[in-house]
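A quick write-up on the structure given underneath.
Residue numbers (our numbering): 14 to 124.
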């Protein structure tokens with residue numbers, strides 16, 4: 014069993030990593046500082062967006078970021094609002110990147 018980082022610590026580290034890569038990102042909703050789950054919204058600045066959620070793979074025991082919603086930004090925002098209604102402890106980070114950069118596939122963030 015691996016140790017789990019507090020959500021606010023992970024969010025601060027992720028935002029610092031995005032900033033270092035010159036990728037604009039903002040905390041849209043603050044969740045539980047210790048155990049809140051995190052959603053990452055990617056706005057591609059062309060009217061489209063993608064919403065990522067960290068998922069646990071029961072078969073491998075690993076974790077990966079999966080697309081929860083994708084399409085017009087208004088629809089992704091609606092999906093985000095639904096998730097927040099179900100889980101008020103949820104963190105939401107919004108990234109603005111025409112290139113679609115989230116860094117979620119990089120070492121330390123992907124697993």
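Ideal placement from N, C-alpha and C gives every residue a C-beta, glycine not left out.
For a test of the three-state rule: what should DSSP assign to residue i, helix, strand or coil?
i: residue 24; result: helix
i: residue 30; result: helix
i: residue 79; result: strand
i: residue 103; result: coil
i: residue 109; result: strand
i: residue 51; result: strand
i: residue 40; result: strand
If I follow the unbroken beta strand (DSSP E) through residue i, where does it start and stop?
i: residue 62; result: 61-69
i: residue 89; result: Unbroken run through residue 89 is the alpha helix (DSSP H), 86-99; no beta strand (DSSP E).
i: residue 72; result: Neither: residue 72 is in no beta strand (DSSP E) and is coded neither H nor E.
Buried or exposed, going by whether 16 or more other CB atoms sit within 10 Å of the CB of residue i?
i: residue 49; result: buried
i: residue 38; result: buried
i: residue 29; result: exposed
i: residue 73; result: exposed
Let me make sure I understand the geometry here. Which of the options has the alpha-carbon closest to that of residue i?
i: residue 109; options: 52, 22, 58, 17; result: 58
i: residue 35; options: 82, 116, 122, 89; result: 116
i: residue 25; options: 83, 104, 112; result: 104
i: residue 113; options: 42, 29, 93, 53; result: 53
i: residue 43; options: 121, 86, 100; result: 100
i: residue 77; options: 118, 31, 63; result: 118
Suppose you measure from the CA of residue i to the CA of residue j; what does that come to, to the nearest Å?
i: residue 98; j: residue 90; result: 12 Å
i: residue 17; j: residue 88; result: 31 Å
i: residue 177; j: residue 33; result: Nothing can be reported for residue 177, as the shown portion of the chain is limited to 14 through 124.
i: residue 64; j: residue 27; result: 16 Å
i: residue 80; j: residue 102; result: 20 Å
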